[in-house]
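Before any comments, here is the structure.
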Amino acid sequence: MRIFLTILLLAGLSFNACSDTLIVQKQRFTLDRFTTASGSTIAPVNIGWEAYGKLNADKSNVILITHYFSGTSHAAGKYHAADTAAGYWDAIVGPGKAIDTNKFYVISSDTLVNANVFDANVITTGPATINPATGKPYGLSFPVVTIGDFVEVQKALLDSLGISTLHAVVGPSMGSFQAIEWAVRYPDKVQRLIPVIGSAYMDAYSAVKLERWSYPIKTDPAWLNGDYYQQGQPIQGLTTALAYITQDALNPVGFNLNYPAPELDTAPQHDIRASFSAWQQLMQQAKLRATYQDANHILYLVRASQLWRAGMGDNWRQAVAKITAPTLFLPATGDLLLPPMLSKNSAAAMAAAGNTPQYAEIPGNWGHLDGVIGIEAVASQIAGFLN
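In short: position in the sequence shown from 1, add 570, done, that's my numbering.
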């Protein structure tokens with residue numbers, strides 16, 4: 571059961587199912603045209619969004635939550651009372667919780683190229699979307715998009731709602747990239763910043779590690795150079811990529827608590843073709859996720875993450891000097907995907923520019939995932955910082 575809950579979390583869900591969970595509604599935002607940082611135009615762009623709490627009269631109580639790589643806008647609450655799982659940060663978002671919806675209007679949106687494009691509760695535009703000009707899916711004709719592009723679509727959504735100031739921007743993992751980019755691009759709009767399990771930049775080691783998520787897809791013959799929509803997903807490559815994503819998000823302590831040890835397997839001792847049970851379980855779980863995720867979307871999210879550096883220019887350290895918002899970095903102690911050193915380096919660069927962030931680590935055995943399933947451990951720090 572615990573393993574299955576972990577997979578739900580990686581899919582953008584949560585096992586928190588409190589009886590007082592908020593009931594939320596997914597909404598659609600449409601831009602007739604959007605020009606990417608590379609100069610390409612996408613027309614139209616659709617993203618989904620949801621909100622929790624009540625917007626005050628002067629629209630000054632808004633907190634934006636930006637989601638992680640395989641997540642969605644579903645940060646908290648349930649779409650229906652009968653839903654088995656609530657949003658991934660339901661432990662800290664809601665009435666009386668760390669991000670208190672009695673005080674704040676909390677909003678979150680699906681990113682461009684969201685991985686979960688075939689989930690009925692996700693609205694996104696990406697390679698799997700039908701290109702109105704051709705009547706076929708964009709495939710690899712869809713332009714490369716960046717964290718900056720994600721932020722600009724979010725800004726257009728907030729502009730459409732008449733929201734010009736954010737009490738805070740908070741986000742885990744890839745969401746931390748977006749949160750930081752918000753504070754760099756719009757320092758006059760962001761009053762507080764909380765990057766969770768994140769960084770102001772992607773180093774070479776991390777970027778190459780993420781390439782391991784793309785490689786199984788690109789080398790699957792069924793990928794067809796991204797033009798597979800008539801034939802179906804490159805399921806072997808996609809499933810393998812999702813298995814790697816799951817393992818990389820876990821610390822070995824948490825992984826070993828949930829997957830069988832090699833010495834329990836007899837078949838691999840006698841047959842070089844036999845797989846270990848732990849790998850078989852990873853692949854079985856990944857195959858479930860592959861039913862609502864898209865291989866090309868994974869590739870585009872990987873590239874957006876690999877290209878990440880604050881300001882999207884040549885010098886991320888100079889870019890973070892533009893941040894004026896009080897900042898709280900919250901890395902996870904056992905994170906091996908985006909280890910605490912990246913947050914420490916990011917915080918040091920801000921401090922060198924005269925804006926010294928607060929810093930605390932999330933404890934736990936789950937590694938990168940502690941920033942999602944272990945977030946309640948730092949609820950008091952979040953609440954104190956926001957208030």
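Backbone N, C-alpha and C define an ideal beta-carbon position, used for all residues, glycine too.
Item to complete: Look up R598 in the DSSP assignment and give the residues it is bridged to.
Response: G618.
Worksheet item: Does the separation of the CB atoms of T903 and A917 fall below 9 Å?
Response: Going by C-beta atoms, T903 is not nearer than 9 Å to A917.
Worksheet item: At which residue ranges does the stretch 741–791 contain complete beta strand (DSSP E) runs of 3 or more residues, listed in the order of the chain?
Response: Correct list: 763–766.
Fill in: Buried/exposed call for Y775, threshold 16 Cβ in 10 Å
Under the 10 Å beta carbon count, Y775 is surrounded by fewer than 16 other beta carbons and is classified as exposed.
Discussion item. Within 10 Å of its beta-carbon, does Q803 have 16 or more other beta-carbons around it, so buried, or fewer, so exposed?
Written reply: Q803 is buried by the Cβ-count criterion.
Worksheet item: Where does F712 fall in DSSP's three states?
Response: Coil.
Fill in: Where the beta strand (DSSP E) through L634 begins and ends
Counting along the chain, the beta strand (DSSP E) containing L634 begins and ends at 632–635.
Practice prompt. Note the first and the last residue of the continuous beta strand (DSSP E) segment covering Y675.
Written response: In the DSSP assignment, Y675 falls within the unbroken beta strand (DSSP E) covering 675–679.
Worksheet item: alpha helix (DSSP H) containing G941: first to last residue?
Response: Start and end: 940–943.
Worksheet item: What did DSSP end up calling T735 once you bin it into helix, strand or coil?
Response: In the structure shown, T735 sits in coil (DSSP, three-state: anything other than H, G, I, E or B).
Worksheet item: Between the C-alpha atoms of R873 and F720, what's the straight-line distance to the nearest angstrom?
Response: Looking at the two C-alpha atoms, the distance is approximately 13 Å.
Worksheet item: Exposed or buried, V632, counting other C-beta atoms within 10 Å across all chains shown (16 or more means buried)?
Response: Answer is buried; the Cβ neighbour count reaches 16.
Fill in: Cross-strand partners of R873 (DSSP beta bridge)
Answer by DSSP bridge pairing: none, since R873 is not bridged.
Fill in: Cβ-based neighbour list, H650, same chain, cut-off 8 Å, excluding 5 preceding and 5 following
Taken in chain order, the residues that qualify are I593.
Practice prompt. Using alpha carbons as the reference points, say which of G718, K725, Y798, P742 lies closest to Y658.
Written response: Ranking the options by Cα distance to Y658, first place goes to P742.
Worksheet item: Is there contact between the stretch 726–735 and the stretch 887–897, where contact requires at least three CB pairs shorter than 8 Å?
Response: No: the two stretches stay apart, fewer than three of their Cβ pairs being nearer than 8 Å.
Worksheet item: Short check: CB of M772 to CB of T636, under 9 Å?
Response: Contact check for M772 against T636 fails: the beta carbons are separated by 9 Å or more.
Discussion item. I need the straight-line Cα distance from Y929 to V683, nearest angstrom please.
Written reply: The alpha-carbon separation between Y929 and V683 amounts to approximately 31 Å.
Fill in: the stretch 796–814 touching the stretch 854–862, judged by at least three CB pairs closer than 8 Å
Touching, yes.
Practice prompt. Check the DSSP bridge columns for Y929 and list the partner residues they point to.
Written response: Y929 is bridged to F899.
Discussion item. So if DSSP puts N701 in a beta bridge, which residue, or which two residues, is it bridged to?
Written reply: Paired residue(s): K706.
Worksheet item: Is the CB-CB distance between I693 and G618 below 9 Å?
Response: Yes, Cβ-Cβ distance for I693 and G618 is below 9 Å.
Worksheet item: Roughly how many whole angstroms lie between the Cα atoms of G883 and E751?
Response: When rounded, the distance between both Cα atoms is 11 Å.
Worksheet item: Smallest Cα separation from A685: which of F747, L912, Y870, H840?
Response: Here the closest residue by C-alpha is Y870.
Discussion item. Assuming contact is defined by CB atoms lying nearer than 9 Å, are P697 and L710 in contact in what I supplied?
Written reply: Taking 9 Å as the Cβ cut-off, P697 and L710 qualify as a contacting pair.
Worksheet entry | Paired residues, beta bridge with R879 - DSSP | Per DSSP, Y771.
Worksheet item: How would you label N821, buried or exposed, when you count the other beta carbons within 10 angstroms and need 16 or more for buried?
Response: Per the 10 Å Cβ criterion, buried.
Worksheet item: Any idea which residues DSSP pairs V663 with across the strands?
Response: V663 is bridged to I669.
Worksheet item: How would you call I952, buried or exposed, if buried means at least 16 neighbouring beta carbons within 10 angstroms?
Response: That one is buried.
Worksheet item: Taking just the CA atoms, how far does F604 sit from K629?
Response: So the alpha carbons of these two residues sit roughly 25 Å apart.
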